[in-house]
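Notes follow the structure.
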Ligand code: NA
Ligand code: NA
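Residue numbers (the numbering used here), protein chains in the order written: chain A, 371 to 591; chain B, 153 to 463; chain C, 9 to 474.
Rendered as structure tokens:
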């Protein structure tokens, strides 16, 4: 899970697409991080406005509610790419080779079905809040200062579409691994074996000025 | 036939007409047609109209002020100082407006048909800190007030914020809000009287409008006898609701204030008149302007409401 | 099939998907969606020509959940509290705390592990997220423990368990979420967590000392610090106290008068202060970017579980499972205390397969009213109640018990978030290693829970003072 799996790469088309998509996913994830940061700044403005200037920030809650989907959705594909969404790997952890890739292929396919349907569902949620003929195109707005809700509602199908792309790549990767019977295929998160971990560690150069984490990037390109 | 009904919170005075309706309908059809009421299990309260439009459930309650863009036509009933005096009058006014073609068309966008109102009395404030003895004392005060009530409070210099009822207690406890506007039943069920120390008896700036709607397709698919059983029960359910509200809630309100030692603040008639003068006209004018821009016959609706009230 | 049977069938299906290794968030979401399709199709009498309609309604109903459920002010606490954790790490606060703890209690048997527990407890007073606390301390404490010969698995277990303290000791995202779901006073609940959190930390510490005395080659004490060195270790950790003070003022103002704002704002302001400290300590864009990315990653992981589980919960609502459960619980012909203990045991089992917040979202709408009814209702007085406490006090007591169970679920296999995070930080550890290392702490948690059930006053005396 979060970080403990490695994604290998090589010169194949699959791997090149994987890395291309990964840089997009990283940007989206950073947007999510910046939204958290802005949440913090917003609170500081709201609190000091209310306590020191007697001018509460209008629509504080509305703005928070607008920022939350950014935080919750934008990094969803990035986390999937690195195998960061939690799962129980007691069973699959024991599988090897083709059996493992078959299991991964099936669960990935199940996720694709879910996400494809959810793109439909979340897009219809957006559509109900959107009206080309209304002021600000809004057919649903926030309670306090009437911010249009459609942009925030649109974030879900957008983020899920990127996730769908990612899942299709992984399905391709697992399918390819199943056919070739490869031990360590590219473009899919691998459950690390002890030996690989030892190697990864040996390659690692640790330490940096402000006791930065040793493991922020675990890419073995 | 079994209908799912989406309400929220828990069973309270505000939901008694739906409970009564379910009872009556089942009785009249010998259990052939039942209403299965869920408190919050089927949808978020601000998305009940979405659920109706999808067809996820057949009946729901919501408040117009939760989402003014979804139902602009009925927000006219939330304008401040309309001059509604009683629950009976609020009920008659709402039921009349719900028949207005522009309103029917507005709700039809959600595949919804308005069934009945949930009449609420005029809102008033419960607050913490020093009681505002005159309207001038509201200057700079943070108050929880939605829709037209918020507009009214802004008219006396208060700083209104809309927040959903469930967040109010925390906001009051933490000093984020100094006062909260609610109907009495909500002041009791959301605990504002636990923290507050004053109550305005006669500010009466307005109320909120919370209709019960049904999915239009589902209504049409009912057998004639089922539809008859449903529609003929509405008036009885509303009678029961109003009786319940007046008898149980309003009679518990005075003693509750006494028990908590809450100071009653009453403003002079001249002050209230001046307040109304300052707020009512401009807010209504602004409402007409905004909603005309949305393509609504706003002036018509306002005239209709004022005409009904003059009757 | 009755809706209830559909509910049970779909829940079994979800368990199979989880066992097969499908990511939990998506397994829950898929189960919920399939369940909704089933329910709406059943309502249409399984008429094949109406399957398309049922599918459309189900998909659109499920499609409401992600946006509608995550855009909540209450949940904004989660990313903010995670951010505090990472910023404090870059501000050097976590290292200072660990250093001070080491110098003060390192001489005990198992001293470095005890220091880790106390440092996480201290850090818990600024951090509201257990997962972030474990993630941060895995970087600081594990290497030091390994250096002096601790068992790798145990060292990881200490950090995973220590992290759970962050959700009892205020501030705590989970406690706030509980308060919001059950509509109780957030300030009192947060206060109530303080003593049980401290008790938990002491029990963890005691367990480690006991193990160190019994097990040979456990890990030597770290001795030889002078009193001068000990005193010098304190000032670098002091900023923590300052941040704690800010947060307390926002939750409950001990000087009289209003609190300064909501806990959410307090958390955000605390994060801002820590951010300024980190800037002062030399954090620049590169490190800030890392902190933000890591915050985003953890937050996304948690929110994905939240909306996934809530799609499933929406399905349960349509299947009317909560109502059936509540009726069943209150109809049981046995002592309320036995029922409560059984509920807590059910939490322990459920917690194995769920994450903490998902579990609370799933169960509280059903279980909380049932427990309040067991005690005699929301308005019951202490004298007339089953558990010997008034309605509001019972809400607080049960809240702390449930949150402690939720903490327990963060370290139990097969799905224990804290263990996943620790394994994620350390390349040399698998999740299974961490689960092995954390098992001794199950005993400690069982002791803590039993203590809190037997002596409710541990929970209630602080909130009853205000
Ligand atoms: Na904490
Ligand atoms: Na668990």
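By construction, the Cβ of each residue, glycine as well, lies at the ideal position given by its N, Cα and C atoms.
- Taking 9 Å as the threshold, the shortest C-beta distance from residue 418 of chain A to chain B does not fall below it.
- In this model, residue 470 of chain A and residue 30 of chain C are separated by some 12 Å (Cα to Cα).
- By the neighbour-count criterion, in which 16 or more other beta carbons inside 10 Å mark a residue as buried, residue 291 of chain B falls on the exposed side.
- When the alpha-carbon of residue 371 of chain B is set against those of B:198, B:415 and B:212, the nearest one is in B:212.
- Ligand 1 has no heavy atom closer than 8 Å to the beta-carbon of residue 254 of chain C.
- Under the rule that a run must span 3 or more residues, the beta strand (DSSP E) segments found entirely inside the segment 413-459 of chain B read 415-417.
- Residue-level contact check: residue 206 of chain B touches chain A, since one or more beta carbons of chain A fall below 9 Å from its beta carbon.
- With at least 16 other beta carbons inside 10 angstroms of its own, residue 335 of chain B counts as buried.
- Counting the other CB atoms within 10 Å of its CB gives residue 276 of chain B a total of 16 or more, which places it among the buried residues.
- The beta carbon of residue 423 of chain C falls within 9 Å of a beta carbon belonging to chain A, placing the residue at that interface.
- For chain C, the residues of the segment 309-332 of chain B that bring a beta carbon within less than 8 Å of one of its beta carbons are 318, 319, 321, 322, 323, 325, 326, 327 and 328, in chain order.
- Under the Cβ criterion of 9 Å, residue 152 of chain C is not counted among the residues facing chain A.
- With fewer than 16 other Cβ atoms from the protein chains shown falling within 10 Å of its own Cβ, residue 463 of chain C counts as exposed.
- Residue 125 of chain C carries a helical assignment under DSSP once its states are collapsed to helix, strand and coil.
- If you draw a straight line from the Cα of residue 143 of chain C to the Cα of residue 164 of chain C, it comes to about 11 Å.
- Rounded to the nearest angstrom, the Cβ distance from residue 33 of chain C to residue 289 of chain C is 35 Å, too far for a contact under 8 Å.
- Take residue 255 of chain C, set aside five residues on each side of it, and the residues of its chain with a beta-carbon closer than 6 Å to its own are 179, 274 and 278, in chain order.
- At least 9 Å separates the beta-carbon of residue 172 of chain C from that of residue 145 of chain C.
- Judged by DSSP in its simplified three-state form, residue 367 of chain B adopts strand.
- If you look at residue 413 of chain C, you'll find it in the alpha helix (DSSP H) that goes 399-417.
- Nearest C-alpha to residue 428 of chain A among A:526, A:519 and A:515: A:515.
- Counting C-beta pairs closer than 8 Å gives three or more between the segment 184-194 of chain B and the segment 315-333 of chain C, which meets the contact rule.
- For residue 69 of chain C, the uninterrupted alpha helix (DSSP H) run begins and ends at 59-78, by DSSP.
- Between ligand 1 and residue 341 of chain B, a heavy atom-to-CB distance of less than 8 Å is absent.
- Against residue 505 of chain A, the close residues of chain B are 445 and 446, in the order they occur along the chain (beta-carbon pairs closer than 7 Å).
- For residue 443 of chain A, there is no enclosing beta strand (DSSP E); the enclosing alpha helix (DSSP H) has its first and last residue at 430-443.
- Residue burial is scored here from C-beta neighbours: residue 399 of chain B has fewer than 16 other C-beta atoms within 10 angstroms and is therefore classed as exposed.
- Beta-bridge analysis with DSSP links residue 294 of chain B to B:311.
- For residue 60 of chain C, the shortest separation between its Cβ and any heavy atom of ligand 1 does not lie below 8 Å.
- Among the CB atoms of chain A, one or more fall inside 9 Å of the CB of residue 280 of chain C.
- The straight-line gap separating the alpha-carbon atoms of residue 455 of chain C and residue 471 of chain C is approximately 23 Å.
- Shortest gap from the CB of residue 204 of chain C to any heavy atom of ligand 1: 8 Å or more.
- The way I'd put it, the segment 184-193 of chain C doesn't touch the segment 435-455 of chain C; fewer than three beta-carbon pairs between them come closer than 8 Å.
- Near chain B, meaning a CB-to-CB distance below 9 Å, the residues of the segment 512-531 of chain A are 512, 513, 514, 515, 516, 518 and 519.
- Annotation: residue 519 of chain A is outside any alpha helix (DSSP H) and is labelled neither H nor E by DSSP.
- Residue-level contact by beta carbon holds for residue 428 of chain A and chain B, with a gap shorter than 9 Å.
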